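Trainee: First residue of the sequence shown: 1, per UniProt numbering; consecutive thereafter.
By construction, the Cβ of each residue, glycine as well, lies at the ideal position given by its N, Cα and C atoms.
Since this is a predicted model, take the numbers as computed values, not measurements.
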Amino acid sequence: MKFQSAASKLGEVRYRSKIVKQQLGESKVNKNEMSPEEFKRMLSQKLQSTRKIFKFLQKKGFVLSPYLEIGSEHALRPSLLESEFEAKGFASDISFYSLSHSQKFTKLFGFRKSPRTICADAYTLPFKSNSFPFVFIYETLHHFPDPLPPLLEAHRVLAPGGICLVGSDPIKQSFKIRLWHRPNKLRPWEKILKFQESLTSANLVMQSILKKSEFSSYLKAT
């Protein structure tokens with residue numbers, strides 16, 4: 001198994017501490033990143049999609065509380081869960097700075113409640129085994145050179161009979177060219193490169209709901 005280096009983690013945290021200011025409209029950091037209006041529009045669309053998935057899970061009788069999100073960044077999906085589904089849980093992320101601004105994003109999107117936040121490394125979650133009936137990971141696994149270690153940790157904290165949702169995770173990091181930080185708002189040549197990446201990737205988008213038993217079988221086969 002491959003693990004994310006300390007330098008890579010630090011670089012991610014430092015970049016997030018800068019870009020959040022642009023996302024909130026407090027300063028201009030990177031002209032190739034989205035404007036606050038574009039960023040909010042994009043997040044609104046993603047939250048609408050997530051809302052439908054949560055409603056589907058609830059309708060099927062799955063327990064959504066207590067929950068844990070791994071790689072939560074601004075904790076918007078947990079805010080959605082807390083405000084509209086009366087769930088309780090934790091939003092975890094390696095960036096304390098991102099989590100510290102979660103209240104601003106909660107207010108920006110009109111949510112009534114916000115989750116408890118905890119700064120943690122996805123490799124070593126500070127929770128007991130079998131703690132959560134619902135664990136979800138959105139757009140996070142591609143940050144790791146190998147998704148298996150964080151998935152193993154998610155499996156560890158997932159309670160028997162619980163479910164793990166892996167949502168909208170893009171292409172494998174191993175296929176990325178690491179010569180630049182690819183922004184959310186792509187330039188023309190980056191769009192071409194992203195398309196070429198998608199052609200070479202065996203894992204375009206993950207949108208999986210795995211029960212603990214199925215999760216165990218998947219990890220054993222990986």
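With H, G and I counted as helix, E and B as strand and the rest as coil, what does DSSP make of Tyr123?
Mentor: Three-state DSSP puts Tyr123 in coil, outside helix and strand.
Trainee: Excluding the five sequence neighbours on either side, which residues of its own chain have a C-beta within less than 8 Å of the C-beta of Thr140, listed in chain order?
Mentor: The residues are Ile70, Gly71, Ala122, Pro150, Asp169.
Trainee: Provide the residue span of the alpha helix (DSSP H) that contains Val157, from first to last.
Mentor: Per DSSP, Val157 belongs to the alpha helix (DSSP H) from 148-157.
Trainee: Is the Cβ-Cβ distance between Phe134 and Val63 less than 8 Å?
Mentor: Cβ atoms of Phe134 and Val63: closer than 8 Å.
Trainee: If you drop the 5 nearest sequence neighbours on each side, which residues of the same chain put their C-beta closer than 8 Å to that of Ile192?
Mentor: For Ile192, the pLDDT reaches just 41, beneath the cut-off of 50, and the residue's location in the model is therefore unreliable, although a value from the coordinates is still provided. If we look at Ile192 and ignore the five residues flanking it on each side, it has no Cβ neighbours.
Trainee: Looking only at C-alpha atoms, which of Tyr67, Ser44, Ser98, Lys40 sits nearest to Val13?
Mentor: Minimum Cα distance to Val13 is reached at Ser98.
Trainee: Is it true that the stretch 28-37 meets the stretch 45-59, where meeting means three or more beta-carbon pairs spaced less than 8 Å apart?
Mentor: No, because fewer than three Cβ pairs between the stretch 28-37 and the stretch 45-59 fall closer than 8 Å, the two stretches do not touch.
Trainee: Considering only their Cβ atoms, is the gap separating Val29 from Ala40 smaller than 8 Å?
Mentor: For the record, residue 40 in the displayed sequence is Lys; it is not Ala. No, the Cβ-Cβ distance between Lys40 and Val29 is not below 8 Å.
Trainee: Relative to the C-alpha of Phe125, which residue among Lys212, Ser17, Ser92, Ser213 is closest?
Mentor: Position check: residue 125 holds Leu in this sequence, whereas Phe was assumed. Nearest C-alpha to Leu125: Ser92.
Trainee: Could you pull out every residue in the same chain whose Cβ sits closer than 6 Å to the Cβ of Ser17, ignoring the five residues on either side in sequence?
Mentor: Cβ neighbours of Ser17 beyond the five flanking positions: Tyr97.
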